[in-house]
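Trainee:
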Amino acid sequence: MRRTSSTRRGTRQQGFTLVEFIITLVVAAVLLGLAVPGFQKIVSAQRLRAASYNLVSDLVLARSEAVKRRAAVQIVPSASGWGGGWSVQFAGGTLAQRGGLGVAVTSAPAQITFGVDGRVVTTDPAVRIGLEGVSGKRCISLDPSGRPKSVSMECPS
Numbered sequence: 001m002r003r004t005s006s007t008r009r010g011t012r013q014q015g016f017t018l019v020e021f022i023i024t025l026v027v028a029a030v031l032l033g034l035a036v037p038g039f040q041k042i043v044s045a046q047r048l049r050a051a052s053y054n055l056v057s058d059l060v061l062a063r064s065e066a067v068k069r070r071a072a073v074q075i076v077p078s079a080s081g082w083g084g085g086w087s088v089q090f091a092g093g094t095l096a097q098r099g100g101l102g103v104a105v106t107s108a109p110a111q112i113t114f115g116v117d118g119r120v121v122t123t124d125p126a127v128r129i130g131l132e133g134v135s136g137k138r139c140i141s142l143d144p145s146g147r148p149k150s151v152s153m154e155c156p157s
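All residue numbers in the sequence shown are consecutive under full-length UniProt numbering, ending with 157.
1. Looking at the C-beta of residue 82, does it have a partner C-beta in chain D at a distance below 9 Å?
2. What would DSSP say about residue 101, mapped onto helix, strand or coil?
3. For residue 154, which of 18, 105, 29 and 67 has the nearest alpha-carbon?
4. Please tell me whether residue 88 and residue 79 are closer than 9 Å, where the distance is taken between their beta carbons.
5. Please name the residue, chosen from 147, 130 and 145, that lies closest to residue 139 on a Cα-to-Cα basis.
6. Check each candidate in 112, 114, 27 and 108 and name the one with the smallest Cα separation from residue 156.
7. On the DSSP bridge list, what partners appear for residue 128?
8. For the stretch 2-69, which segments carrying the alpha helix (DSSP H) assignment without a break, of at least 4 residues, lie completely within its bounds, in sequence order?
9. What's the call for residue 65, buried or exposed, on a 16-neighbour Cβ count within 10 Å?
10. Pull up the distance between the alpha-carbon of residue 29 and that of residue 135, whole angstroms please.
11. So who's on the other strand from residue 96, going by DSSP bridges?
12. Whole angstroms are fine: how far does the CA of residue 39 sit from the CA of residue 173?
Structure representation (structure tokens):
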């Protein structure tokens, strides 16, 4: 006859205990608390960079369309100003339209017009657009030939 024992032998505990689980959660919360402020700064810097790249891209579009169409092409801010967006227009209609930038525009002309040769038509020799976000400043300038350049600095007066 076999004898059966009511006691378990060699059983091992599997999984986490409640104490181990709580300690893991506390460590994760502390690490997350340290990472969030740095992540917000990265997001803010990326927002400023994206806004400047969008504007530079539309300046390049306007310049190339002016040469291609042999007609003046303008970049005009929205009714609420450059911070609210802009549109690329020519005599026959609108080529492109952008929404708000998500950053502050510190300086900008009333509008930017490119002539048939791709040069900026303006009385001011230095066309600059200043952008400012939480993480920094960018200056977009147009050289005399109409080519835009974006640099990470405040626009000179």
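Each residue gets a CB set at the ideal place from its N, CA and C atoms; glycine is no exception.
Mentor: Looking at the coordinates:
1. No chain D appears in the structure shown, which is made up of a single protein chain.
2. As a position in the sequence shown, residue 101 is number 101, starting the count at 1. Reduced to three states, the DSSP call for residue 101 is coil.
3. In the sequence shown, counting from the first residue as 1, residue 154 sits at position 154. Residue 154 has its Cα closest to that of 105, out of 18, 105, 29 and 67.
4. Locating residue 88 in the sequence shown gives position 88, where the first residue counts as 1. Locating residue 79 in the sequence shown gives position 79, where the first residue counts as 1. When the beta-carbon positions are compared, residue 88 and residue 79 stay at least 9 Å from each other.
5. In the sequence shown, residue 139 corresponds to position 139, counting from 1. Closest by alpha carbon: 130.
6. The sequence position of residue 156 within the sequence shown is 156, counting from 1. Of the candidates 112, 114, 27 and 108, the one whose C-alpha sits nearest the C-alpha of residue 156 is 108.
7. Here residue 128 refers to the residue found at position 128 of the sequence shown. Beta bridge pairing from DSSP links residue 128 with 141.
8. The stretch 2-69 contains these whole alpha helix (DSSP H) runs: 18-69.
9. Stepping through the sequence shown from its first residue, residue 65 is reached at position 65. Burial is judged here by how many other beta carbons sit within 10 angstroms of a residue's own beta carbon; residue 65 has at least 16 and is buried.
10. Position 29 of the sequence shown, counted from the start, is the residue given in the question as residue 29. Position 135 of the sequence shown, counted from the start, is the residue given in the question as residue 135. A straight line joining the alpha-carbon of residue 29 with that of residue 135 spans about 25 Å.
11. One-based indexing of the sequence shown puts residue 96 at position 96. The partner list for residue 96 (beta bridge, DSSP) reads 88.
12. For residue 173 there is no data in the structure shown, the boundaries of the chain being 1 and 157.
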